[in-house]
Amino acid sequence: MIPYCSICWDDNKVRLLDQRLLPQQEIYLETTDYHDVIEAIRTLAIRGAPAIGVAAAMGAALGALALTTEDPQEFLSQFKDICREIAAARPTAVNLFWALDRVQKVAQEHAAAKVSDLKARLVTEAQIMLKEDDTTNRHLAQHGQVVIHEGSRVLTHCNTGALATGAYGTALGVMRAAWEAGKRFSVWVDETRPLLQGARLTTWELGRLGIPYTLIPDGAAATLMHQGRVDLAIVGADRIAGNGDTANKIGTYSVAVLARHHGIPFYVAAPLSTFDFSLPDGGHIPVEERAPEEVTGLHGHKVAPTAAPALNLAFDVTPNELISGIITEAGIAQPPYASSLKPWKQRKE
Ligand code: MRU
Numbered sequence: 460m461i462p463y464c465s466i467c468w469d470d471n472k473v474r475l476l477d478q479r480l481l482p483q484q485e486i487y488l489e490t491t492d493y494h495d496v497i498e499a500i501r502t503l504a505i506r507g508a509p510a511i512g513v514a515a516a517m518g519a520a521l522g523a524l525a526l527t528t529e530d531p532q533e534f535l536s537q538f539k540d541i542c543r544e545i546a547a548a549r550p551t552a553v554n555l556f557w558a559l560d561r562v563q564k565v566a567q568e569h570a571a572a573k574v575s576d577l578k579a580r581l582v583t584e585a586q587i588m589l590k591e592d593d594t595t596n597r598h599l600a601q602h603g604q605v606v607i608h609e610g611s612r613v614l615t616h617c618n619t620g621a622l623a624t625g626a627y628g629t630a631l632g633v634m635r636a637a638w639e640a641g642k643r644f645s646v647w648v649d650e651t652r653p654l655l656q657g658a659r660l661t662t663w664e665l666g667r668l669g670i671p672y673t674l675i676p677d678g679a680a681a682t683l684m685h686q687g688r689v690d691l692a693i694v695g696a697d698r699i700a701g702n703g704d705t706a707n708k709i710g711t712y713s714v715a716v717l718a719r720h721h722g723i724p725f726y727v728a729a730p731l732s733t734f735d736f737s738l739p740d741g742g743h744i745p746v747e748e749r750a751p752e753e754v755t756g757l758h759g760h761k762v763a764p765t766a767a768p769a770l771n772l773a774f775d776v777t778p779n780e781l782i783s784g785i786i787t788e789a790g791i792a793q794p795p796y797a798s799s800l801k802p803w804k805q806r807k808e
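In case it helps, the working numbering puts the sequence shown at residues 460 to 808.
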């Protein structure tokens, strides 16, 4: 298997695999301009909550390197503006804001340093965040792999693998860890309309890992569950509110409702950086609305009548009561989340 990475820092450049072109082409974009990183996040060249977080930190580091002032206070003020610009790239994945808060805190902590040292510190921090994401996901995956058994038929939605993270993956990481532990199982991959992250990316990653999968239209999950051909569902998350309500790719909520109806466990896998304990419940999570053309067309080809109105909500919110467990690097939280998430909230503060 030729290794790949979603994003890396290479000689003061950001290098990222352009996920818009997968699986047909594997092309890496390289840039020293943080505006390109914003565009890459906005257009989903890089996507998936943890990967967006790392991209934001690296984008901020590029922005810092390009600043010309030698005055630390002026530097901090301009760096804040850059972070504000990056924060506007996408609204739902909280990892974006988490990462920007973290790099700004680092900048503040070193406010007395020379600007050149501050820049070096921010570059280092972005690289640490990439490494940490790998470690976090491996821990999370080890905790989570116990939910997959020999012969399990796992259903997943969207893409949560190494592409969607700094490395290894979250929900897909759980599957990877189970596979590496010697369990043999198979995966139903929802195609994930409208941008087909399942069809284009999850299939590509599972194929590379050698994990057997079958691609299905999103609408097929109900029938497969009714026929007793799904044992569990595992998905990722873009933001988890304080009560466990979880925003993830549009269509996730449907999977959760179906799973409950058919008595099938439904798990969410996400690092603690995806929790937003400032929000009491999912009703407060900002849900991105993207261009209607992503729904009326497919890969640049129009499929609906030219004037067809379309609504393109990129995410939905699954109520916590439909979630059997939330898998993180700290372990698997069980319902009721109002109490089980409390120690994690303290850990994050
Ligand atoms: O719009 P996307 O492709 O960024 O949406 C991604 C998802 O919804 C993922 O499931 C989520 O970010 C978890 S990625 C480990």
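Glycine is no exception: its CB is placed at the ideal position from the N, C-alpha and C atoms.
The C-alpha of His608 is placed about 12 Å away from the C-alpha of Ala636. By the criterion of a C-beta distance shorter than 6 Å, Asp690 is surrounded in its chain by Ser611, Arg612, once the five residues flanking it on both sides are discounted.
Cβ contact annotation for Leu559 (same chain, cutoff 8 Å, sequence separation greater than five): Ala515, Ala516, Ala519, Cys542, Ile545, Ala546, in chain order. By the neighbour-count definition (other C-beta atoms within 10 Å, threshold 16), Ile511 is a buried residue. Linking Ile744 to Ala579 through their CA atoms gives a straight-line distance of about 34 Å. Shown here for Leu781: same chain residues with a beta carbon closer than 7 Å to its own, the five before and five after excluded, namely Ala715, Val716, Arg719, Phe725 in chain order. Cβ-Cβ distances below 6 Å link Cys467 to Arg474 in the same chain, with the five nearest sequence neighbours on each side left out; the list follows chain order.
With respect to Phe538, Leu589 sits apart: the two C-beta atoms are not nearer than 9 Å. Membership of Ser575 in any beta strand (DSSP E) is not indicated; the residue belongs instead to the alpha helix (DSSP H) covering 574 to 603. Judged by their CB atoms, Thr661 and Gly620 are nearer to each other than the 9 Å cut-off. Distances between the C-beta of Arg688 and the heavy atoms of the ligand MRU are all 8 Å or more. Taken atom to atom, the span from the alpha-carbon of Ile786 to that of Thr527 is near 44 Å.
In the DSSP assignment, the residues bridged to Tyr487 are Leu476.
In this structure, DSSP gives Val762 a state outside helix and strand, which the three-state scheme calls coil. Judged by the Cβ position, Ile511 qualifies as a neighbour of the ligand MRU at the 8 Å threshold, a heavy atom of the ligand being closer than this. At least one heavy atom of the ligand MRU is found less than 8 Å from the C-beta of Cys617.
In this structure Val694 does not touch Asp592 by the C-beta definition: roughly 18 Å separates them, more than the 8 Å allowed. Residue burial is scored here from C-beta neighbours: Ala766 has fewer than 16 other C-beta atoms within 10 angstroms and is therefore classed as exposed. Taking a 10 Å sphere around the C-beta of Thr502, we find fewer than 16 other C-beta atoms and assign the residue as exposed.
Just so you know, the alpha carbons of Lys642 and Ala600 end up roughly 14 Å apart. About 18 Å separates the beta carbons of Arg479 and Ala508, which is beyond the 8 Å limit, so they are not a contact pair. Taking 8 Å as the upper bound for CB-CB distance, Ala640 and Gln604 are in contact here, some 6 Å apart. For Ala773, the secondary structure class from DSSP, reduced to helix, strand or coil, is coil. Less than 9 Å divides the Cβ of His602 from the Cβ of Gly790.
Counting along the chain, Ile497 sits inside no beta strand (DSSP E); it lies in the alpha helix (DSSP H) bounded by residues 493 to 501.
Taking Ile675 as the centre and dropping the five residues before and after it, the same chain places the C-beta of Trp647, Val648, Asp649, Glu650, Leu683 closer than 8 Å to its C-beta, in chain order.
Val754 and Asn771 have their C-alpha atoms roughly 6 Å apart.
Inclusion of Leu577 and Phe644 in the CB contact set at 9 Å is not warranted, their separation being larger than that value. The residue from Ile497, Gln563, Thr595 with its alpha-carbon nearest to that of Pro550 is Ile497. In this structure, DSSP gives Ala640 a state outside helix and strand, which the three-state scheme calls coil. About 23 Å separates the CB atoms of Leu614 and Ser465; that is not less than 8 Å, and the two are not in contact.
Assigned with DSSP and collapsed to three states, Thr624 falls in coil, not helix or strand. Residue pairing for Asn707: DSSP places it in a beta bridge opposite Asp775. The secondary-structure analysis by DSSP pairs Tyr726 across a beta bridge with Ile693, Gly784.
Distance from the CA of Ala706 to the CA of Ile670, rounded to the nearest whole angstrom, comes to 27 Å.
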